[in-house]
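Going line by line, the protein sequences match chains A and B.
Residue numbers for the first sequence follow our numbering, so the first one is -11 and each next one is one higher.
Residue numbers for the second sequence follow our numbering, so the first one is 698 and each next one is one higher.
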Amino acid sequence: MGRYVIRRLLQMIPVFIGATLLIFLMVNVMGDPVAGLCGDRQCDPATAAQLKKEFGLDRPVWQQYLTYMGNVFTGDFGTAFNGQPVTELMATAFPVTIRLTIVAILFEIVIGITLGVVTGLRRGRPVDTGVLLVTLVVISVPTFVTGLLLQLLLGVEWGWIKPSVSSAATFDELIVPGLVLASVSLAYVTRLTRTSIAENKRSDYVRTAIAKGLPRHRVITRHLLRNSLIPVVTFIGTDIGALMGGAIVTERIFNIHGVGFQLYQGILRQNTQTVVGFVTVLVLVFLVANLLVDLLYAVLDPRIRYA
Amino acid sequence: MPDQPYEPGGAIAGTGAGGAMDLAASEGASLEQHPSAASGGRAPGGPKGTGPFGPDASAAAGGRARSLGSDAWRDLRRNPVFLVSALIILFLVFISLWPSAITWESPLQCDLAKAQEGSRPGHPFGYDGQGCDVYTRTVYGARTSVTVGVCATLGVAILGSVLGGLAGFFGGTGDAVLSRVTDIFFAIPVVLGGLVLLSVVTSTTVWPVIGFMVLLGWPQISRIARGSVITVQQNDYVQAARALGASNSRLLLRHIAPNAVAPVIVVATIALGTYIALEATLSYLGVGLKPPTVSWGIDISAASPYIRNAPHALLWPSGALAITVLAFIMLGDAVRDALDPKLR
C-alpha cells in the first residue's frame, strides 16, 4: 500500500506540472497579461514595455512559469485587480464553494443512490423505465438551463426561495443551487447505481444470502449495497473536483460569491493572476480527490491489493 | 463492468467534462468489452460476436450470418427511440442548412419598440429583450449549434481515435507518453479550461470554440479507442492475420479498426450532444460565441435578466437546446444498444 501511494504521488507530479503549464501557456502566450492593467483603453507601447519588464514578462516563458510556481509554493498567488492578494480572495471564496459542493454531494448520495437502488431492484418495471427516461432528460438539459428554469419557477413564479443568494451563502440558501449543481451528476449516479445493483443482484453471494434465510433488507443493505456502491463511491469522489470547477455556472445564475464568481471577475478584468491562481488550486483539488478515491477503492474492495 | 468511471489505466478519472460525457464514456466502455466477453462465452472467435463490422462479413461467413453492422441497422429501424431522435436530428440539419425555409425574417432585424412582447400572429414565440423575433432567432440558432457540434465531434473523433488507436496498437513508450498526456488534459475541468482559453481569444467566429473543444475533448475518445483496440487485438483472428504475415497497416485497417470502431461511434454521437450543450454554456458565460453570431446560448444569456417579464424569450431557446442535446444522447444510446451483441 505504501509503495502504491508513493507511486501514485509521483504520477501526480507530471500531471500537475503539465496541467498548470497548459493553463499558464493559455493565459500568457495567447493573451496579453498587461492589457487589463490599462483599463478599457490600449496601453501605450512604452508603458506596456515598462510593465512587462517590471513583471518579468520579457523573460522566456519557462522562466516565467518557474518563477510563478516558486511563488505559488511559498503561498504567494499575486494580487487581484483591486490590489487585494489573491490568497485573500480565495479565503473568502472557497468556503462558499465548498459549502455548495457539500450540498451537491449530499444530494447525489441521498437522491441518486436511493433512486438507483429502487430502479435497480425493479429492473424493467414502469418505475425503472420512468426514472431512466428522467435521468436521460436531466443529463441532456445543460446545467445553466436547469438553473434558470428552477430560478424562474421556484424563485420568481412560486416564491419558495429567494432568486439570488446573499453574500453569507448559508447552507439553507444553497439547497436549490446545490440541487442544480448536482443535477447532471445525480442522474448519472442513479444510472450507475442501477446498473451496479442490477448486475450484483444476480450474483452468487446474493443468492446464498437469500437461500440461508436472511431478511430482505439485510440482504440489500449488508450484501448487495456494500458491493454495488464501490463504483458509485469512486465516481462521487472524483466528481468533487469536477463539481467545484463546474460551480462557476451555478454561481453565476444564483449570484453566489464563490470561486466561480471570483474567476469570472478575474476574466472580465483580464487579471491573469486571479485566473491562473484559482484554476491551479482547482486542478490541485481535482488531482487530490482522484488520488484519495484510488486509495479508498483499495479500502472498500478487499479484492484489490496494491503491491 | 460496474467499475466504469474508475479506469486503472489512467491516473485521472475523466469526470471533468460533466455527467453527460461520463455517460458517453461508460456506454462506450461497456461496448468495448464485447469481443472478450463473446469469445469467453462461446467458442473463441465465434462467427457472430466477433465478426468484422463491415461489408465483407457476409462474404467471410459464406453469406449466411449477417454482420454486426447490418444486424444493428435492422434493430435500429424498429427502435422508436432511434426513429424519433433521428427525425429530430434530420429536421435540425435541414433548418440549419436552409433556415429561410421556415422563417421569413432576418434574425438580426430587431425593433426595440416591441421588446419583451409576447406571442402574436406571425411571431409565435414573441420578442426578446431587444425586440428581436424569438422564433426566427431560435431557428437560426440551430445552424451555429449544429456546426459547432459536428465540426468539434469530427475533430475529436479523428484526432482521438487515431492517437488512441495507434497507442493501443503499438504500446510501448508512445502509449505511456500518450496516457500521461491524456491525464494532463483530464486534470482540467472543461468549463474552466474554456473560460481560461476562450477569454483571451477575440475572434467572433465559431472556430476558436471548435478548436478548444477538440483540444480538450480528444483525450476522452483517445482513451476509449485505445482500450477498444487493446481488447480487439487479443482476438484470435488478429493473431491469425498476423501469423499469415499481414502488415501492421493491414491489421489495423482491415481487422482491428472495423471491430474497434463501435464504442467510438457511440461516444462520438453522445459527445456531439454534449458539445452543443458546452457551446451554449460557454456562450452563456460570455466567452463562447460573440453577439453578432446567433446562438441559443447567447440568446438564453441575453434573456436571463428579463426572466421576470419575458420568460418566453428564455424558454424557447432553452427548449430547443434541451431537445437537441437529448436527441443526440438518445441516438447514441439507441446505437449502443443495437451494437451490443450481449443484448441479442
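Here a beta-carbon is modelled for each residue, glycine too, at the ideal position from N, C-alpha and C.
Only a predicted model underlies this, so the values are computations on that prediction, with no experimental measurement involved.
Distance between beta carbons of residue j and residue i, contact taken as under 8 angstroms
i	j	result
Pro989(B)	Thr870(B)	The pair is not a contact, with the Cβ atoms about 47 angstroms apart (cut-off 8 angstroms).
Thr89(A)	Ala235(A)	7 angstroms
Leu1023(B)	Val125(A)	6 angstroms
Leu986(B)	Thr841(B)	6 angstroms
Ser173(A)	Leu212(A)	Incorrect: roughly 23 angstroms between the Cβ atoms, too far for contact.
Gly135(A)	Ile(-6)(A)	About 42 angstroms separates the two Cβ atoms, so there is no contact after all.
Tyr981(B)	Val845(B)	Not confirmed; about 14 angstroms, so no contact.
Leu979(B)	Val906(B)	7 angstroms
Ala721(B)	Ile967(B)	4 angstroms
Rounded straight-line distance, which links the Cα of residue j to that of residue i
i	j	result
Pro916(B)	Phe867(B)	18 angstroms
Val958(B)	Leu(-2)(A)	34 angstroms
Gly737(B)	Gly852(B)	Summary for Gly737(B): the model assigns pLDDT 36, below 50, so the residue's position carries little reliability; its value from the coordinates is reported in the next sentence. Whole-angstrom Cα-Cα distance: 35 angstroms.
Ala286(A)	Leu280(A)	10 angstroms
Ala940(B)	Gly201(A)	55 angstroms
Tyr53(A)	Phe12(A)	7 angstroms
Thr8(A)	Val888(B)	15 angstroms
Val144(A)	Leu138(A)	9 angstroms
Thr209(A)	Leu217(A)	10 angstroms
Val164(A)	Ile149(A)	8 angstroms
Gln38(A)	Gly225(A)	46 angstroms
Gln930(B)	Leu180(A)	28 angstroms
Ala1000(B)	Cys807(B)	14 angstroms
Glu802(B)	Val271(A)	46 angstroms
Gly58(A)	Asp64(A)	9 angstroms
Tyr837(B)	Ala1019(B)	16 angstroms
Pro886(B)	Ile962(B)	24 angstroms
Arg87(A)	Leu949(B)	50 angstroms
Asp289(A)	Ser727(B)	21 angstroms
Pro219(A)	Gln72(A)	42 angstroms
Arg110(A)	Val119(A)	11 angstroms
Pro83(A)	Gly246(A)	8 angstroms
Gly66(A)	Val98(A)	40 angstroms
Ala197(A)	Gly108(A)	18 angstroms
Met718(B)	Gly857(B)	15 angstroms
Ala36(A)	Tyr56(A)	20 angstroms
Phe883(B)	Ile995(B)	27 angstroms
Ala170(A)	Glu96(A)	6 angstroms
Asp880(B)	Thr222(A)	17 angstroms
Val898(B)	Leu256(A)	13 angstroms
Asp116(A)	Val74(A)	48 angstroms
Tyr(-8)(A)	Val273(A)	20 angstroms
Leu975(B)	Val935(B)	39 angstroms
Neighbour list for residue i in chain A, Cβ cutoff strictly below 8 angstroms
i	result
Thr1004(B)	Per the sequence shown, residue 1004(B) should be read as Ile rather than Thr. The answer, in chain order, is Leu136, Gln139, Leu140 and Val144.
Ile995(B)	By Cβ distance, chain A contributes nothing, its closest Cβ being about 12 angstroms from Ile995(B), past 8 angstroms.
Residue i - DSSP class collapsed to helix/strand/coil
i	result
Thr844(B)	helix
Asp808(B)	coil
Arg817(B)	strand
Pro290(A)	coil
Pro73(A)	strand
Thr67(A)	strand
Asp32(A)	coil
Asp830(B)	strand
Neighbour list for residue i in chain A, Cβ cutoff strictly below 7 angstroms
i	result
Gly970(B)	Ser128
Leu1018(B)	Pro130 and Val133
Ile785(B)	Neighbours of Ile785(B) on chain A: none; closest Cβ ~12 angstroms, over 7 angstroms.
Asp719(B)	Tyr176
Pro1008(B)	Leu140
Proximal chain B residues relative to residue i, where beta-carbon distance stays under 8 angstroms
i	result
Leu270(A)	Pro886 and Leu889
Ile11(A)	Ile885, Gly890 and Val893
Ile237(A)	The amino acid at residue 237(A) is misidentified as Ile; the sequence shows Val. Neighbours of Val237(A) on chain B, chain order: Val888, Thr978, Tyr981 and Leu982.
Within chain B, partners of residue i - CB distance below 7 angstroms
i	result
Ala36(A)	Those within 7 angstroms of Ala36(A) in chain B number zero; the least Cβ separation is about 16 angstroms.
Arg240(A)	Leu982
Ala7(A)	Ile881, Ala884 and Ile885
Proximal residues of chain B, C-beta to C-beta of residue i below 9 angstroms
i	result
Leu251(A)	Leu889, Leu892 and Val893
Gly118(A)	By Cβ distance, chain B contributes nothing, its closest Cβ being about 15 angstroms from Gly118(A), past 9 angstroms.
Within chain A, partners of residue i - CB distance below 9 angstroms
i	result
Met1027(B)	Leu124 and Ser128
Would you call the segment 882 to 899 of chain B and the segment 825 to 835 of chain B in contact, with 3 or more CB pairs under 8 angstroms?
no
Counting Cβ pairs closer than 8 angstroms, one from the segment 258 to 271 of chain A and one from the segment 92 to 102 of chain A, do we hit at least three?
no
Can at least three beta-carbon pairs, one atom from the segment 902 to 922 of chain B and one from the segment 853 to 865 of chain B, be found at a separation below 8 angstroms?
yes
Within 8 angstroms, do at least three Cβ pairs link the segment 898 to 914 of chain B to the segment 256 to 264 of chain A?
no
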